[in-house]
Each structure stands twice: as structure tokens, then as C-alpha cells.
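Engineer: Input: one structure, supplied below.
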Amino acid sequence: MKVQVCIIGGGPSGLLLSQLLHLKGIATVVLEKHTREHVLSRIRAGVLEHGFAALMREAQCGERMDREGEIHHGFFIAHGGGRMDRVDLHRYSGGNSVMVYGQTELTRDLYDGREKSGAPTVFEAADVALHDLTSDRPFVTCRRNGEALRVDCDYVVGADGFHGVSRKSIPAGVLREYERVYPFGWLGVLSRTKPVSPELIYASHERGFALCSLRSQVLSRYYIQVPLSDRVEDWTDAAFWEELRRRLPAEVAARLVTGASIEKSIAPLRSYVAEPMRHGRLFLAGDAAHIVPPTGARGLNSAASDIYYLYHAMLAHYQHGDDAGLDLYSQKALARVWKAQRFSWWMTTTLHRFPANSPYEDKLQATELAYLFSSERALGALAENYVGLPF
Ligand code: APR
Ligand code: PHB
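Structure below.
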């Protein structure tokens, strides 16, 4: 098979880029390790910044998102032993907002879109391997149903997530990795219950962080901070609801509607960046190059700017023979990636309980939130980062 751009990974990053390029007549293929059903069974986060939503519309995949997604103009932070303060995103970001729409649904819309437009996907692509990346003729090999497949291309995009093969194809001496692992995880529960609040509540509590989120007005998503040693089997639904209640302000806990969990899992929290994001004719995008703890809702949103830069760089190359965007990709993408890292780190350290903190550090942490809600400038900094810095 011969294409212009071979994209590895059929998660949101790879699918969105492929769809955008396909609509401009640039030939791509997506090589995905799993089946479509498997990819769509993964429960992921659900807050999209406005720039990501705009890319979904440009990819002609935004119709259901605009119909079923919810525009949120703010969220709450519960702190200080019972206070609930609202962050007015709309006011403090100069009129912006976020879209609450599940990442699983968004991925489904991207798969439906590419099926409609006839863009090719190879599912269950096994043993994907990248070759001759620093030559003018890179190629990718894999196996499908036991048969060997070779894809010749101009460029390879590694959008195969944190555990993918693309980043590992960059020689160790070239790649520099930066990492922070947090000493806790998030236990998440999805339940078919009415959300406790129409807007998200991030709760900072001495027993640990909690988050009340939602997928729709009948589907709730809740999280609590847990030690890394906890196993999901140790948490009954009843124990989860009880612990969540204890971390929320009394009037919120009193109106919490509980129900059977549809999904329950523990995710560790980690910050990670790999530099550079280009090696020869390979470009990394999304979780393949960087991950953030979920506290600032930046995961998918940091992928959005990678896709935006890469899409425009590829267009300039194929339509005008202009390679400046490709040459600057790594530098430009990393500049925004690091800002998302900074914000996610700040949200995480401000809102979680760190068992090893000294009483002095605990006081500073409480003061961070007290300061935030006493300063319009501090609220402005939070709001502009949460709705997404410009690309
Ligand atoms: N070969 C082919 N495909 C692979 C390989 C491989 N060796 N390894 C992984 N994949 C596939 C995975 O099965 C997955 O479908 O690559 C895809 C990567 O998707 P994601 O992990 O979702 O990463 P990305 O598309 O960058 O999405 C960005 O935003 O909310 C965050 O972390 C969350 O996944 C989310 C991310
Ligand atoms: C979610 O709904 O899963 C979610 C929302 C906001 C976050 C993290 C996760 O910051």
C-alpha cells in the first residue's frame, strides 16, 4: 500500500488528523492495533476545550457533539472545609467555555466520519514496525490476519498513545524524557445516575481530592484520590459512595444520587514529555509524546494543538511546497505542551492531598486556593488555561 501519510494509532489524535487530511485530498491510512469495538470500550475523560471542538467541526465530525454535548461556562472548587467557590470561565477567560462530551463518543463520531468519507483503517494491525525514518522513503510494516502488510509513505505520524511503538522507534540518544509520577491514583466510577451538580466540582479535602463530573444529565462520572497500593477489587460501590460523600461539602453530599457502577477503575497520575516530537520523517502527536495527570482536563486538549500544527504543516507542504511548518513542528508543539504540563501540575498539586507534605506545605496549599478566590487575576490565569491557551 502507498499513501502520503501513514498514521499509527486509531485514538482521537490519529483519527482527527487523518480525517482532516483526507478532506483535503491527502491520502492517509490509520493502522490500529485493536478492533474498533475495543477502542470504543475505553472510558476516558470528557472535557473539550473550544479549540478541540472547532477541529471536530472542521473534520465534519462535530454534529453530534454540538447536539448532545454541553457547553459549560464554569466549574466549582470545594475547599476550606465546606466552601464552594465557582470559577466563572466565561467571565475570566474573556467569553470562552468548554464542551462536556465524552471522549468515547467523540472517537465513535470520528470512526463514523471516516467510514462515511471512505478513509482507510487497518484494524488489528499487529507487530507494527517503523523503518528508514531518516531517509526520504520511510515505510511501515505490520501483520493483519497473519498476512504481512507494507505501507510506503512520505511521512509517518506516531499517534499510538503512551504505550505505542512510535516513540520507541526514536534512538535513545536522540530522545530526552521528562517525567513526574504522583504518589496516588484516581479511582473512577461511571454510573447511570443524575449528576450531583450541573457543573463540575473539584474538591480539595483533607481525606483527599474528589471530582464530580458528568457525561450527560443522566450519566455521572466521579473520582476520588486513592493510594497507589489500592486495588479496584477492594472498593465496593458502597465504600466508594461513602468516601466520596465524606470529601464533598455537606449540602452537596446530601443530594448525591448513588447507583450501581457501570465502570470502575484506578488510573495512576503521571506527567511525561518526550523531546523532540520529530525524528526524520516521523512526527509524534498526542499521548505518544506527552501525558498529563487528568486534574486540569488537558489530556485530549494537549493533543489538539499537536494535531492543529501538524495538519497545517502538512497542508503547507502538500499544497504549497512550504516545509517551514514541518521544520518548526516539534518546537511549536512542545511550547504549548509544556504550558499544559505546567497547568496540570499546578491543578494537581493544588487540589490533592500529599501524604509526605509538611504542615508548612499544607498551609501553603490552602493559601493557594484562598488567594485564587481573592484575586481576579489569579482566576483569569486559571480560566484561560482551563478553556485552552491559543494554538
Ligand atoms: N500499533 C498500532 N496502534 C497502536 C499501537 C501499536 N503498536 N500501540 C497503541 N496503539 C493504538 C491504541 O490501541 C490506541 O487506540 O493507538 C491508539 C492511541 O490512542 P490514545 O491512547 O487514545 O492516544 P491519543 O489518540 O493521543 O489520545 C489522546 O487524550 O484524554 C487523553 O489520554 C487520553 O487517550 C487520550 C488522549
Ligand atoms: C471526566 O469527566 O472524566 C473528567 C473531567 C474533568 C477532569 C478529569 C476528568 O479534569
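Numbering (my numbering), first residue to last: 1 to 391. Ideal Cβ placement from N, Cα and C applies to all residues, glycine included. Treat the numbers as computed from the prediction; the structure is a model and nothing was measured.
Here's a check: name, in chain order, each residue in its chain whose Cβ is nearer than 6 Å to the Cβ of Leu389, leaving out the five neighbours to either side.
Structural biologist: Residue 389 sits at position 389 when you count from the first residue of the sequence shown. Exclusion of the five residues before and after Leu389 leaves Lys339 as the residues of its chain whose Cβ lies within less than 6 Å of its Cβ.
Engineer: Whose C-beta lies closer than 6 Å to the C-beta of Trp241 among residues of the same chain, with five residues either side of it excluded?
Structural biologist: Here residue 241 corresponds to residue number 241 of the sequence shown, with the count starting at 1. Contacts found: Thr258.
Engineer: Answer with buried or exposed for Arg192, where buried requires no fewer than 16 other C-beta atoms within 10 angstroms of its C-beta.
Structural biologist: For the purposes of this step, residue 192 is taken as residue 192 along the sequence shown, with counting starting at 1. The residue in question, Arg192, is exposed, as its Cβ has fewer than 16 Cβ neighbours within 10 Å.
Engineer: Could you name each continuous beta strand (DSSP E) segment of 3 residues or more that falls completely within the stretch 41-119, going from the start of the chain to the end?
Structural biologist: 47-49, 70-72, 74-79, 83-88 and 98-100
Engineer: Which residues bound the alpha helix (DSSP H) around Pro12?
Structural biologist: Counting from one through the sequence shown, the residue named residue 12 turns up at place 12. Element bounds for Pro12: Pro12 to Leu23.
Engineer: For Cys212 versus Leu31, is the C-beta distance shorter than 7 Å?
Structural biologist: As a working note, residue 212 is residue 212 in the sequence shown. As a working note, residue 31 is residue 31 in the sequence shown. No, the Cβ-Cβ distance between Cys212 and Leu31 is not below 7 Å.
Engineer: For Val165, which of helix, strand or coil comes out of DSSP?
Structural biologist: Locating residue 165 in the sequence shown gives position 165, where the first residue counts as 1. Val165: coil per DSSP, three-state reduction.
Engineer: Look at the Cβ atom of Phe209, then the Cβ atom of His320, and state whether they are nearer than 7 Å.
Structural biologist: Along the sequence shown, read from residue 1 onward, the residue named residue 209 stands at position 209. Along the sequence shown, read from residue 1 onward, the residue named residue 320 stands at position 320. The answer is no: Cβ separation not under 7 Å.
Engineer: Leu89 and Ser97: beta carbons closer than 7 Å?
Structural biologist: One-based indexing of the sequence shown puts residue 89 at position 89. One-based indexing of the sequence shown puts residue 97 at position 97. Yes; because the gap between Cβ atoms is below 7 Å, this pair is in contact.
Engineer: With a floor of 4 residues, list each alpha helix (DSSP H) that falls wholly inside the stretch 229-283, ordered by position along the chain.
Structural biologist: Counting whole runs of 4 or more residues, the stretch 229-283 contains the alpha helix (DSSP H) stretches 237-247 and 250-254.
Engineer: With 16 as the cutoff for other CB atoms within 10 Å, does Pro294 come out buried or exposed?
Structural biologist: Taking the sequence shown and counting its residues from 1, the one referred to as residue 294 is at position 294. Result: buried.
Engineer: In terms of DSSP beta bridges, what is Thr152 paired with?
Structural biologist: Taking the first residue of the sequence shown as position 1, residue 152 is located at position 152. Note that residue 152 is Asp in the sequence shown here, rather than Thr. DSSP, once it has assigned bridges, lists Lys2 and Phe139 as partnering Asp152.
Engineer: Note down the Cα distance separating Leu248 from Pro138, rounded to an integer number of angstroms.
Structural biologist: On the sequence shown, residue 248 is found 248 positions in, with the first residue counted as 1. On the sequence shown, residue 138 is found 138 positions in, with the first residue counted as 1. Rounded to the nearest angstrom, the two C-alpha atoms are 54 Å apart.
Engineer: Arg176 lies in the beta strand (DSSP E); which residues open and close that run?
Structural biologist: As a position in the sequence shown, residue 176 is number 176, starting the count at 1. Under the DSSP assignment, Arg176 falls in the beta strand (DSSP E) whose first and last residues are Arg176 to Ser191.
Engineer: Apply the 10 Å Cβ neighbour rule to Arg433 and answer buried if 16 or more other Cβ atoms are within range, or exposed otherwise.
Structural biologist: Outside the displayed range of the chain (1 to 391) lies residue 433, so it cannot be described from this structure.
Engineer: How would you write the range of the alpha helix (DSSP H) that Ser213 sits in, first residue to last?
Structural biologist: Position 213 of the sequence shown, counted from the start, is the residue given in the question as residue 213. In the DSSP assignment, Ser213 falls outside any alpha helix (DSSP H) and within the unbroken beta strand (DSSP E) covering Ala210 to Ser216.
Engineer: Going by DSSP in three states, Thr295 sits in which element: helix, strand or coil?
Structural biologist: The residue you call residue 295 lines up with position 295 of the sequence shown. It is helical.
Engineer: Sorry if obvious, but does the Cβ on His290 come closer than 6 Å to a heavy atom of the ligand APR?
Structural biologist: What you label residue 290 is simply residue 290 of the sequence shown in a count that begins at 1. His290: no, Cβ never under 6 Å from the ligand APR.
Engineer: Taking buried to mean at least 16 other C-beta atoms within 10 Å of its own C-beta, is Val100 buried or exposed?
Structural biologist: For this step, residue 100 is matched to residue 100 along the sequence shown. Classification for Val100: buried.
Engineer: Could you give the DSSP three-state label for Leu364: helix, strand or coil?
Structural biologist: The sequence position of residue 364 within the sequence shown is 364, counting from 1. In this structure, DSSP gives Leu364 a helical state, which the three-state scheme calls helix.
Engineer: Take the Cβ of Ile26 as the centre, count every other Cβ of all protein chains shown within 10 Å, and call the residue buried at 16 or more, exposed below.
Structural biologist: Start at 1 with the first residue of the sequence shown, and residue 26 comes out as number 26. Per the 10 Å Cβ criterion, buried.
Engineer: Between Tyr309 and Arg278, is the Cβ-Cβ spacing less than 7 Å?
Structural biologist: Locating residue 309 in the sequence shown gives position 309, counting from the first residue. Locating residue 278 in the sequence shown gives position 278, counting from the first residue. No, these two residues do not count as a Cβ contact at 7 Å.
Engineer: Considering only residues of the same chain and omitting the five flanking positions on each side of Gln225, which have a CB-CB separation below 6 Å?
Structural biologist: For this step, residue 225 is matched to residue 225 along the sequence shown. Phe184, Gly208, Phe209 and His352.
Engineer: Which same chain residues end up closer than 7 Å to Val218 when comparing Cβ atoms and leaving out the 5 residues on each side of it in sequence?
Structural biologist: Locating residue 218 in the sequence shown gives position 218, where the first residue counts as 1. Once the five neighbours on either side are set aside, the close Cβ partners of Val218 are Arg192 and Lys194.
Engineer: For Ala53 and Leu300, which I take to be in contact (beta-carbon distance under 8 Å), what is that distance rounded to the nearest angstrom?
Structural biologist: Residue 53 sits at position 53 when you count from the first residue of the sequence shown. Residue 300 sits at position 300 when you count from the first residue of the sequence shown. The pair is not a contact, with the Cβ atoms about 11 Å apart (cut-off 8 Å).
Engineer: Grab the span of the beta strand (DSSP E) containing Ser220 for me, first residue to last.
Structural biologist: Translated into positions along the sequence shown, residue 220 becomes position 220. Here the beta strand (DSSP E) through Ser220 covers Leu219 to Val226.
Engineer: Is the beta carbon of Arg245 closer than 7 Å to that of Leu256?
Structural biologist: Translated into the one-based positions of the sequence shown, residue 256 becomes position 256. Translated into the one-based positions of the sequence shown, residue 245 becomes position 245. For Leu256 and Arg245, yes; Cβs fall inside 7 Å.
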